[in-house]
Amino acid sequence: MQYLPYPKAPFSLSARRLILIHLLTWPFLEQVKCDERPNGCANCEKLHLECSGYQRASNPVRGGGKRTYRSCNNCRLARCKCSGDRPVCVACRENNLQCSYENTPKPSSSSTPSAQRPNGAPLTASTPRDSTDGKSPSRRSSILSASSSAEDSPLSWLCSHELPGPKHLRVLVMSYFQNFHPLRCFAFIHKPSFLRRLDERPTSSLQDNALLHIVCTLGAQFYALEHSDTVQSLPTSFILKAGCHWAKTAQRLLLENTGSISVEGLMTAQLLYDYALRMANFSQAFILSALMVRMAQALQINLEYSTDLYNEGPNVDLSTTVRESRRRLMWSCYVTDVLCGSGVDQLMLVHEKDIKIQLPCNDWSFLHERACITGSLQGGALDIAPKDLTPSDLTDNMGMLAFFIQQTEIRKRVLRYIKHLDVAEMPWLPHSEFAQLSSELRSWHQSLPTNLQFISSTIYMRKESSQLGALCLFHCSFHQTMCDLFRIGTPAVYKLRSAFHFPLEQRSFQKELQWTLFKSARTLAAIIAEAERHGPRMIGDSWLPTIAYDSNRIMLFYLTQLSDSPRSSKFDLILNTIPYLQSNLKALKTMKTMNVVADGLARAAEEMLEKLGVDSNNVLPLPNVILDDPYLARLTRESAHIAPSQTAPDYVLNPLSIYRMARNQIPERHQPESVASRSEPSSTPANSNLAPSDEAYPGQTGNTPVQQRPEPRDAYTGLDTPGPNLDMFFAPPAGLDWQPVDIVVGSDMTAEGLLPWVGTSQMGELMFEPPN
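What follows is the structure in structure tokens.
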């Protein structure tokens, strides 16, 4: 006979009620032990008793005969069997008790019957869209809530609170170096040295290593992504949640030790910054970017450790590897500051004149601890470099990272130029700022060695060395900068303030700017499509979702608002552009597994395509697709052409910039842009409260009746061609005062401005051919 032990401490009222119910349903009063055998208990049969234990076991909800490792707190106190159902177990639901569970992971080797909800519906993992619907911060909290199916999977150790054992730890570290380390400017950790220290340190001391925690977090996300792509599909929410507890630990350890600034702490802050961007925590990323700059200034890694660049002197304190690692870390802080500041002076904290270190060497020299001399950001070697040992061609010692930093410096000047158009010279002048920046960008691109060009041979070589994702971002950054520079000819795309006025004699120049902008956006789509074809981890950089989304916006704006070429040429251009629009949308949906913001951008891009009838013959009325952009419509309606009495970065930054996104997450922010100046009368049009579909076109007065706009279907008739209904693409932009001037760069629209390599399988014949 089995008795319940007498409790050592008083139970709560709910626990005592559960114990009483459990005792009354157990064959206790008859002093009979029930064996719970199916079809009747043998012990109860001998005494001619009704077996209550068998009746309880016959309950289909309680049944299953399998042990659950997650008993609720009430059932644990009562020492009775718990069904393990979430959020309320069967016993607590039947007795109206409050059910709660301890947050303890389940062993991966166990097997648990499928849980059910109280209404009988199965508890399954949420779909990727469901997991990211809603706005921040509720969207982030829903993503970080684990689904039961993900917790019960063999990969549940990725969501544990503490770092895993040595075997899994090494798997995560290798995943980090294979996937995240080469991206952008994060290659500042020397892999052999890091692995050696990992093997030499005792396991117990690793739990207090902040850098290891964030390395494992980023490695866990890519590991889960690779598992989902090659082994078994995983929910998007699970991939995003992988390693989240380790990231929290890394952040806690970093902030607790701000009084002890170290190089390893700065590395941790840099990686936490990118992780915050992936989780759409832009406020945290913005603060971390400032913390990184202050830590770098305190460490003074913006200066060379010594004038002995070859480390051949008698008093060598730091090895060649450590010195190069610190150089790369400083340049990483510089790139982060440029991308976060977006060309606004008051937001940028790192200045080029204060960085007196050489550019990073190539990856081979860094890996094999080979000292060498490279160029500086200003060009040429450092003044402290020995003249007799300086190579004639410094680019031989430079790799992708050095060229990326050079391009980032040009990008910083481009973004600053866009923010100060009111004091800039007219762009068509030969010695204007625009002409200089355009020439520098083209010269930089033409100077790239063959192993850095986006050609077929380089693609597969970089893929073999786990650098295809870095190569993709490398070229996307260049073409995104081209888009930022050449959008001065299309101010309506980003609502530029102090935009240039192009006189009639400069319409051809403006058309050339617009065509170059379109070509750059189309090239971005081609690069992303080729990278995505090689696997989702190739487009894992946190900057790519914004780039892909802007690429679609530019192409759609050009096709619907700017192109006034002959109808047959425009029809061919539209058909040739649709695959690029669709490939960007496909890539955005793929990026949802690694970037929270990609989900909202994908849905916004999909809505714009659907409204244009790309995926359906039922064309919805849409006078202006850009005004229906959910990420920009609010900004357009709030500003309403009111000149603010106070200036702030909000007025000149892209709504998808880090600063603007961070500001949206701060409830107590000052918003002078939302308060009209009392000293000046409002210049808002009389009908500024129209719905997005009824707003005036850019350049059109608000008093123009909507009924006077041309009907979309009258713009392109008599064309009997199978395929999507493209009527909306031919709706003439009545409000845009473009002149009917042909595009000056020629009519060969399928071969201009794209990269010289054979097309991808997604594009088929629509891709470009190699140049003759």
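Read left to right, the sequence shown gives residues -34 to -1, 1 to 738 (mature numbering (1 follows the signal peptide of the UniProt record, and there is no 0)).
The beta-carbon is built from N, C-alpha and C at its ideal position, and this holds for glycine as well.
- Under the Cβ criterion (8 angstroms, minimum of three pairs), the segment 124 to 135 counts as touching the segment 180 to 193.
- Counted as a single uninterrupted DSSP element, the alpha helix (DSSP H) harbouring Ala213 occupies residues Cys210 to Glu222.
- The alpha carbon of Thr234 has as its nearest neighbour, out of Ser249, Val259 and Phe248, the alpha carbon of Val259.
- Going by C-alpha positions, Ile425 is about 41 angstroms away from Ser464.
- DSSP lists Cys327 as the bridge partner or partners of Met364.
- Looking at the DSSP output, Lys319 shares a beta bridge with no other residue.
- In chain order, Met233, Ser291, Arg294, Leu295 and Ser298 place their CB closer than 7 angstroms to the CB of Phe154, counting only its own chain and leaving out the 5 sequence neighbours on each side.
- Membership of Gly435 in the alpha helix (DSSP H) is indicated by the continuous run Leu434 to Phe452.
- Within the segment 231 to 294, no run of beta strand (DSSP E) at least 3 residues long lies entirely inside it.
- Rounded to whole angstroms, Gln144 and Asp303 show a C-alpha spacing of 25 angstroms.
- With a 10 Å radius around the Cβ and a threshold of 16 neighbouring Cβ atoms, Gly341 comes out buried.
- CA-CA distance, Asp283 to Arg336, rounds to 16 angstroms.
- In the pairwise beta carbon analysis, the segment 520 to 528 is classified as not touching the segment 558 to 568: fewer than three pairs are separated by under 8 angstroms.
- A straight line joining the alpha-carbon of Ala401 with that of Ile384 spans about 13 angstroms.
- With at least 16 other beta carbons inside 10 angstroms of its own, Val56 counts as buried.
- By alpha-carbon distance to Pro326, the top candidate from Lys378, Gln312, Thr224 and Ile371 is Ile371.
- Excluding residues up to 5 positions away in sequence, Leu479, Thr482 and Leu483 lie with their Cβ nearer than 6 angstroms to the Cβ of Phe452 in the same chain.
- Under the rule that a run must span 4 or more residues, the alpha helix (DSSP H) segments found entirely inside the segment 501 to 529 read 510 to 523.
- The DSSP-derived three-state label of Arg45 is coil.
- For Ala570, the uninterrupted alpha helix (DSSP H) run begins and ends at Val563 to Lys577, by DSSP.
- Secondary structure at Tyr189: helix, using DSSP grouped into helix, strand and coil.
- Taken atom to atom, the span from the alpha-carbon of Val316 to that of Gln476 is near 34 angstroms.
- In the pairwise beta carbon analysis, the segment 268 to 277 is classified as not touching the segment 198 to 218: fewer than three pairs are separated by under 8 angstroms.
- Closest by C-alpha distance to Leu220, out of Ser199, Leu177, Ala368 and Met314, is Leu177.
- Taken through DSSP and simplified to helix, strand or coil, Tyr67 comes out as coil.
- Collapsing the DSSP output to three states places His179 in a helix.
- Cys125 sits in a helix when the DSSP states are folded into three classes.
- No beta strand (DSSP E) of 3 residues or more sits fully in the segment 365 to 411.
- Annotation for Arg379: Leu403 place their beta carbon closer than 7 angstroms to its own, counting only its chain and skipping 5 residues before and after.
- With contacts defined by Cβ atoms closer than 9 angstroms, Phe188 and Arg503 form a contacting pair.
- Secondary structure at Val304: helix, using DSSP grouped into helix, strand and coil.
- Counting along the chain, Asn550 sits inside the alpha helix (DSSP H) bounded by residues Arg533 to Met557.
- Looking at the backbone, the Cα of Asp240 and that of Met140 are separated by about 19 angstroms.
- The three-state secondary structure of Asn417, taken from DSSP, is helix.
- Short of 8 angstroms from the beta carbon of Glu572, and not among the five residues preceding or following it, lie these beta carbons of its own chain, in chain order: Leu551.
- If you ignore the 5 residues before and after Ser398, its C-beta comes within less than 8 angstroms of the C-beta of Ala390, Glu391 and Met392, all in its own chain and listed in chain order.
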